[in-house]
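Read in my numbering, the sequence shown has 165 at position 36, and its numbers run on one by one without any break.
Yeah, the Cβ is synthetic: ideal placement off N, Cα and C, and Gly gets one too.
Fair warning: this is a prediction, and the values are worked out from it, not measured in the lab.
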Amino acid sequence: MKESVKILLNIKIQILYYKNMTQFTFDQALTFDDVLLTPQYSEVLPYQTNVQTALSDTVKLNIPVMSAAMDTVTEHKMAIAMALLGGLGVIHKNLNPDEQAAEIKKVKRYENGFITDPLVISKNASIADAYEMRTKFGYKDIPVTEDGTLETPLVGFITASSYFISRHADLDVSERMIPLQKLFIANDGISLSQAQDLLEESSYSKLLLVGANGRLKAMVTRRDIEKKRDFPDSATCEDGKLMCAAAVGPAKNMEERVQKVIEAGADVIVVDTAHGHSKGVGDTVKYVRKNYPTVTIIGGNIATPEAVEFLAECGVDAVKVGIGPGSICTTRVVTGIGVPQLSAIKNCADKAKKIGIRVIADGGIKLSGDAAKAI
């Protein structure tokens, strides 16, 4: 008897709940498997295609591909690989702000034109300190200054071949470094092409640019020149550094995280949540836009034109479309929420085009043909 009463009460509660909901509508919606592109006449050969795109007026990509801001997908190695090929990697936010900033710095220091913020070490530091920097940041060769900052004169260069850690750990860097007189140095103020010409005509691997006060101003490496030739389509900033994005969310430490990743060099901030059409995401976008007006902002994830309009009003340059379409994503299963991905992309893109912002298709792309359909 008690169980029957419970069931009846439950049914009554459900009926009352549905009476208070807005009216249901059932519209046709499609996913990638439901559609094929009709072939048409073309005068373009494969090698003539151009797939360059832009996330904003300042961030241009040579391929229309980004790697996901997931802890199993994108840290510095993936972000470097994506940028070298012309795309963009988004460093995930399942790290504390300092760790995430460190990942971005690794990307930014990987390939450069002029390296204007090189790691330096004091001449009075120990070889053990130099080895620790080498293992932590991955740099075998480190400029040496008087006090370990760029505010004092350059005095030498310590390389991996300058010491054996088992034998020289307790010695000062000054005892094993290459002295200033033996370094390849040019005056600060020369152009990047001039610096490259000097390097190519020399037998040195690095050119150090020094100001009138003897301070290290910049550095150019032979390795970076070679990498530029190997990856001519890499996505880089004006200063030659690889582009990189950072994911943030409307968490308690949001302001600290945003500040640290931007100071580390993030070119794009991705406000990344499962439900982007929300007050928390909107407030986060507004904060970033107000405090960092020149940074490119992506908001998401969303699946409706109304969400596009909402995030555009908050200040995004692009929106990320996709609520649970990925093969491993559980959002739809757990919440019962989502829009078939191809329809979501089309509906959001129509609205975004009118407003003047970009759209990113996030998830559900299993095959190369799916990417073509999304584009």
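Measure from the alpha carbon of C373 to the alpha carbon of each residue in V164, E384, A230, then state which is nearest. When each option's Cα is compared against that of C373, the closest is A230.
So who's on the other strand from R344, going by DSSP bridges? P282
Output yes or no for whether 7 Å exceeds the beta carbon distance between V387 and V414. Not a contact, by the Cβ cut-off of 7 Å.
Would G429 be called buried (16 or more neighbouring beta carbons within 10 Å of its own) or exposed? buried
Burial state of Y176, where buried means 16 or more other Cβ atoms lie within 10 Å: With a threshold of 16 other beta carbon atoms within 10 Å, Y176 falls short and is exposed.
Between the CA atoms of S290 and L300 - distance to the nearest angstrom: 15 Å
Less than 7 Å between the C-beta atoms of V424 and V437, yes or no? no
For A490, name the three-state secondary structure that DSSP assigns. strand
Relative to the alpha-carbon of I398, which residue among G378, P247, E204 has its alpha-carbon at the smallest distance? G378
Identify the continuous beta strand (DSSP E) that holds L327 and give its terminal residues. First-last for L327: 321-329, but that is the alpha helix (DSSP H), not the beta strand (DSSP E).
Can the beta-carbon of A503 be found less than 7 Å from the beta-carbon of S363? no
For the beta strand (DSSP E) that contains L338, what are its first and last residues? 335-339
What is the DSSP secondary structure of T167, reduced to helix, strand or coil? coil
Going along the chain, which unbroken runs of the alpha helix (DSSP H) with 4 or more residues stay wholly within the stretch 226-277? 226-237, 256-266
Closer than 6 Å by C-beta to A500: which residues in its own chain qualify, once you throw out the five before and the five after it? Chain order, please. Answer for A500: I494, listed in chain order.
Find the nearest neighbour of Y292 within the set V302, I391, V284, G285, judged by alpha-carbon distance. V302
When the distance is taken between beta carbons, is I233 closer than 7 Å to G216? no
Measuring straight from C-alpha to C-alpha, what distance separates E261 and G277? 14 Å
Between the CA atoms of V349 and S332 - distance to the nearest angstrom: 14 Å
Given a threshold of 16 other Cβ atoms within 10 Å of its Cβ, counted over all protein chains shown, does G492 qualify as buried or as exposed? buried
Ordered along the chain, which non-local residues of its own chain (more than five positions away) have a Cβ less than 8 Å from that of G267? K235
Pull up the CB-CB distance for G285 and I307, whole angstroms please, since I reckon it's below 8 Å. Confirmed, about 6 Å.
Relative to the C-alpha of R263, which candidate in I294, E275, T281, N253 has its C-alpha closest? I294
Euclidean distance between Cα positions of D317 and K346: 7 Å
I need the straight-line Cα distance from I144 to I466, nearest angstrom please. In this prediction, I144 has a pLDDT of 38, which is less than 50 and means its spatial position is unreliable; nothing more can be read from the coordinates.
Below 7 Å between beta carbons: does that hold for S472 and L174? no
Y146, buried or exposed, once every other Cβ within 10 Å from all chains shown has been counted against 16: The predicted position of Y146 is uncertain, since its pLDDT is 42 and thus under 50; a value taken from the coordinates is nonetheless stated next. Taking every protein chain shown into account, the CB of Y146 has fewer than 16 other CB atoms within 10 angstroms, so this residue is exposed.
Classify Q470 as buried or exposed, calling it buried when 16 or more other Cβ atoms lie within 10 Å of its own Cβ. buried
When the Cα atoms are used, what is the spatial distance from I136 to F439? Residue placement at I136 is flagged as unreliable, the pLDDT there being 44, under the threshold of 50; the coordinate-derived value follows with that caveat. Going from the Cα of I136 to the Cα of F439 covers about 41 Å.
Inter-residue Cα distance where the pair is A259 and K480: 54 Å
Could you give the distance in angstroms between the alpha-carbon of K252 and the alpha-carbon of R305? 10 Å
Could you tell me the distance, in whole angstroms, from the CA atom of K370 to the CA atom of M195? 17 Å
So is G411 buried or exposed if we call it buried at 16+ other beta carbons inside 10 Å? buried
Nearest to A341 (by Cα), restricted to the options I287, A298, P282, K222: P282
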